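Residue numbers for the sequence shown follow full-length UniProt numbering, so the first one is 1 and each next one is one higher.
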Amino acid sequence: MAPPRPRPSVTRSPRPLDRRSQSRPHVPPFPLSIDLNRAVDSEKKLIRTLVRDENFNFRAAHWADLHSILYNSLPPETLLWGLQFLSFKTSSDESSVMIKARVTQTAEVVEIVGDLLVAADGCLSSIRRSFLPDFKLRYAGYTAWRGVLDFSCKKSSETITGMYKAYPELGDCLYFDLAHKTHCVLYELKDNRLNWIWYVNGPEPEQKGSSVTMKVSDEMISKMHEEAEKVWIPELAKLMKETEEPFINIIYDSDPLPKLYWDNVVLVGDAAHPTTPHGLKSTNMSILDAGILGKCLGKWGLENLGSALEEFQSIRLPVVSKQVLHARKLGRIKQGLIVEDQKDFDPMTATLEESLQLWQRNMPFFESVPSTC
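Structure (structure tokens):
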């Protein structure tokens, strides 16, 4: 809500951000200058370079670090904690929005009134569904195993020394290993952490609730470890096996939305443009949404809210629409899935010309993103 005008009945929960998020106010991102795609022969455990970009100029950051930067930059008491969104209603003269929320600690239902509702409630957005009731997400055809290994206390372990031999440019490189109809992403984060994502083709899982993250059983993890040993080189398989609490994300996107705002309700982030992660843009897109929305509101003021939202939409909708569709195509290429008017990509036989389509810099607006009309 912007700006919020909470009624007296609203209570502020004392529950803060986790300690780590609050205690890391100035964590710089990790620079990754190389985008490297490699083919993996699962049987022979051999690797060959497909394509390499040494001018990638990427920055990697962990969610907790981003949260801490955002949280610590806000004035005190900006956030209302411990509230579960229930519903919203626009006033008859469209001058304000009232939301109902449940206080999680007491189950009390409270009302909060504001000038603008910014819907940042993710790819399964309930607010978006209010305006687009027939909207459906598109299952990408695969899920992603994910994990982060903290090796702060085991820098000299066999696993970590093996990883730096197999992936000698860790710390400066974003690795994409492609095997038959699957691929894995690997890169280093600040504070001695290795982040990996393994995309696995399969039918859409049954998932209840409002999250795209699946709970996984010990049996599922064991099967993942067994399959990793078959598909990937031993060093990567061992890294996955030593990672605590890996989880699965179900991968969705959608066709571009027809618009991003209705009256004084605006969609941002994954609520506005659900996307597959292959363009490494989901978080970037959300941050740019927020930044440009803020500029438009500052330019036009609340007295011209409609003009501000119209300008925001005119700037962001063409950009995010192209980026979502490009990420979709790139994911299908890397997973060996059908791409219209193109033969299936086989990393074991791909030529340099075919492999160039894997470059991250092919993403629309990779170098420069419009911020004004």
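Backbone N, C-alpha and C fix where the C-beta goes; we use that ideal spot for every residue, glycine too.
Model, not experiment: these values are computed from the prediction.
Using a C-beta cut-off of 8 angstroms, the region 231 to 243 makes no contact with the region 253 to 263, since fewer than three inter-stretch Cβ pairs fall below that distance. A107 counts as exposed, since fewer than 16 other C-beta atoms from the protein chains shown sit within 10 angstroms of its C-beta.
Comparing alpha carbon positions, the residue from G291, E94, W63 and V200 closest to N304 is E94.
About 4 angstroms separates the beta carbons of F58 and L32, which is inside the 8 angstroms limit, making them a contact pair. If you draw a straight line from the Cα of M214 to the Cα of N249, it is about 6 angstroms long.
Ranked by Cα distance from D177, the options G171, D289 and V185 are led by V185. Here P203 is exposed: its Cβ has fewer than 16 other Cβ atoms, across all protein chains shown, within 10 Å.
Contact between F365 and V319 holds, with the beta-carbon distance rounding to 5 angstroms and staying under 8 angstroms.
Under the criterion of beta carbons closer than 8 angstroms, I233 and K45 qualify as touching, at roughly 5 angstroms. Our two residues, K190 and S125, have alpha carbons roughly 31 angstroms apart in a direct line. Residue pairing of R146 in beta bridges, as defined by DSSP: I197 and F247. L74 and S368 have their alpha carbons spaced roughly 27 angstroms apart. Under a 10 Å Cβ-count criterion, G294 is classified as exposed, with fewer than 16 other Cβ atoms of the shown protein chains found around its own Cβ. The beta carbons of L174 and M163 sit about 15 angstroms from each other, so the pair does not count as a contact at 8 angstroms. In the three-state DSSP reduction, M224 falls in the helix class (H, G or I).
From the listed residues E310, W359, A179 and L36, the smallest Cα separation to P347 is found for A179.
The beta carbon of K155 sits closer than 8 angstroms to the beta carbons of N192 from its chain, once the five residues preceding and following it are set aside; these are given in chain order. Excluding sequence positions up to five before and after Q360, its CB lies within less than 8 angstroms of the CB of D35, D53, F56, F58, L174, G279, L280 and F366, all in the same chain and listed in chain order. Two segments are said to touch when three or more pairs of C-beta atoms, one from each, lie closer than 8 angstroms; by this definition the region 321 to 329 does not touch the region 297 to 312. Apart from the 5 residues on each side of it in sequence, S42 sits with its Cβ closer than 6 angstroms to the Cβ of A179 and V231 in its chain, given in chain order.
For secondary structure counted as the beta strand (DSSP E) over 3 or more consecutive residues, the region 111 to 177 holds these complete runs in sequence order: 138 to 150. Around the beta-carbon of N37, 16 or more other beta-carbon atoms lie within 10 Å, marking it buried. As a beta-bridge residue in DSSP terms, L189 pairs with R193. The Cβ atoms of M98 and S91 sit closer than 9 angstroms to each other. Per DSSP, F365 lies in no beta strand (DSSP E) and is assigned neither H nor E. Close CB contacts of L358 within its chain, under the 6 angstroms cut and outside five residues either way in sequence, are with N37 and V51 (chain order). Selection S371, A228 and S96 evaluated against R146 yields A228 as nearest (Cα-Cα). For secondary structure counted as the beta strand (DSSP E) over 3 or more consecutive residues, the region 265 to 332 holds these complete runs in sequence order: 265 to 267. Straight-line measurement puts the Cα of V109 at about 6 angstroms from the Cα of V103. Burial state of L352 is exposed, judged by a 10 Å Cβ sphere holding fewer than 16 other Cβ atoms. Secondary structure note for A61: it is in no beta strand (DSSP E), with a DSSP letter that is neither H nor E.
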